[in-house]
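A.B. asks: Quick one: the structure is below, questions incoming.
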Amino acid sequence: QQQVKQSPQSLIVQKGGISIINCAYENTAFDYFPWYQQFPGKGPALLIAIRPDVSEKKEGRFTISFNKSAKQFSLHIMDSQPGDSATYFCAASMKGAQKLVFGQGTRLTINP
Amino acid sequence: NAGVTQTPKFQVLKTGQSMTLQCAQDMNHNSMYWYRQDPGMGLRLIYYSASEGTTDKGEVPNGYNVSRLNKREFSLRLESAAPSQTSVYFCASSGLGQGVNEQFFGPGTRLTVL
Chain P
1 QQQVKQSPQS
11 LIVQKGGISI
21 INCAYENTAF
31 DYFPWYQQFP
41 GKGPALLIAI
51 RPDVSEKKEG
61 RFTISFNKSA
71 KQFSLHIMDS
81 QPGDSATYFC
91 AASMKGAQKL
101 VFGQGTRLTI
111 NP
Chain L
113 NAGVTQTPKF
123 QVLKTGQSMT
133 LQCAQDMNHN
143 SMYWYRQDPG
153 MGLRLIYYSA
163 SEGTTDKGEV
173 PNGYNVSRLN
183 KREFSLRLES
193 AAPSQTSVYF
203 CASSGLGQGV
213 NEQFFGPGTR
223 LTVL
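Quick look at the structure:
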């Protein structure tokens, strides 16, 4: 049972453009929504995370937008750079839980 | 400070062989996890250990066993490997700080079962 659905599976963006990756969840008990970034041959690493009490969180060029009523959240990468080329995973967990449920992943390629 | 380490980095097995994947963390984290990563499937939790002495099944536990040897080490064992277990395996750890469940991942083990 996939509780977090991520799209698109792959994405190609030109340098300087905006990359947008979307996730939808089903369980309304989720209260923590992180995004992980994974470079080839490496393990994933936390990029940015949000809780549902805010609708947006920004860290540098990376922004999470959160829509609680639609049960959706998205990652926006502004001014995308070739160094952003990686696989991105959204995830979710419930309050106090130690398990994360991951989306299927998006392979992002930024063309120079 | 090495973070999360995994051994081996690569392994090729024949169907029916057994092996143990090793994981260790030096961040004094209570919780440790084993995931498998397959194309188009994301990261799927195999087993996790919320604290030393406890283990629980995740989403895809069949064909695997785990041991939380101590607070630092969490091993994953394949008793009789099958081609369907060909995957990249990641170990992770987390320590609940301010309620945030940031998981730190190791570099992975690429396993091929022939």
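Residue numbers (our numbering), protein chains in the order written: chain P, 1 to 112; chain L, 113 to 226. All C-beta atoms, glycine included, are put in the ideal place defined by N, C-alpha and C. If you're wondering where the values come from, they're calculated on a predicted model, not measured in any experiment.
#1: What's the C-alpha gap between Arg-184 of chain L and Phe-122 of chain L?
#2: Between His-141 of chain L and the ligand MN, is the CB less than 7 Å from at least one heavy atom?
#3: Tell me the rounded alpha-carbon separation between Met-227 of chain L and Phe-62 of chain P.
#4: I'd like the ranges of any beta strand (DSSP E) spanning at least 3 consecutive residues and lying wholly in the region 73–103 of chain P.
#5: Just checking, does the region 172–189 of chain L make contact with the region 81–92 of chain P on the three C-beta pairs under 8 Å criterion?
#6: Cβ closer than 7 Å: which chain P residues qualify as neighbours of Gln-215 of chain L?
#7: In this structure, does DSSP put Ser-19 of chain P in helix, strand or coil?
#8: Given a limit of 8 Å on CB to CB distance, which residues of the region 42–72 of chain P reach chain L?
#9: Note down, one range per segment and in chain order, each beta strand (DSSP E) of at least 3 residues found wholly within the region 163–191 of chain L.
#10: Between the region 140–159 of chain L and chain P, which residues of the former have CB atoms less than 7 Å from a CB of the latter, in chain order?
#11: Checking 8 Å against the spacing of the C-beta atoms, do Phe-153 of chain L and Ser-205 of chain L come in under that value?
#12: For Ser-157 of chain P, count neighbouring Cβ atoms within 10 angstroms of its own Cβ and tell me buried if that reaches 16, exposed if not.
C.D. replies: If we stick to the structure as given:
#1: As a first step, residue 184 of chain L is located in the second sequence; it is residue number 72 there, counting from the start. As a first step, residue 122 of chain L is located in the second sequence; it is residue number 10 there, counting from the start. The straight-line gap from Cα to Cα measures roughly 22 Å.
#2: Only the bare structure without any ligand can be found here, which leaves the ligand MN out of the picture.
#3: Not covered by the structure: residue 227 of chain L. The range shown for chain L is 113 to 226.
#4: 86–94
#5: no
#6: Position 103 of the second sequence holds residue 215 of chain L. Simply Leu-100.
#7: Indexing the first sequence from 1 puts residue 19 of chain P at position 19. It is a strand residue.
#8: Lys-42, Gly-43, Pro-44, Ala-45, Leu-46, Ala-49
#9: 176–180, 186–190
#10: Ser-143, Gly-152, Met-153, Gly-154, Leu-155, Leu-157
#11: Within the second sequence, the letter at position 41 stands for residue 153 of chain L. Within the second sequence, the letter at position 93 stands for residue 205 of chain L. Here residue 153 of chain L is Met; the residue named in the question, Phe, does not match the sequence. No, the Cβ-Cβ distance between Met-153 of chain L and Ser-205 of chain L is not below 8 Å.
#12: In the structure as shown, chain P starts at 1 and stops at 112, and residue 157 of chain P therefore has no counterpart that could be examined.
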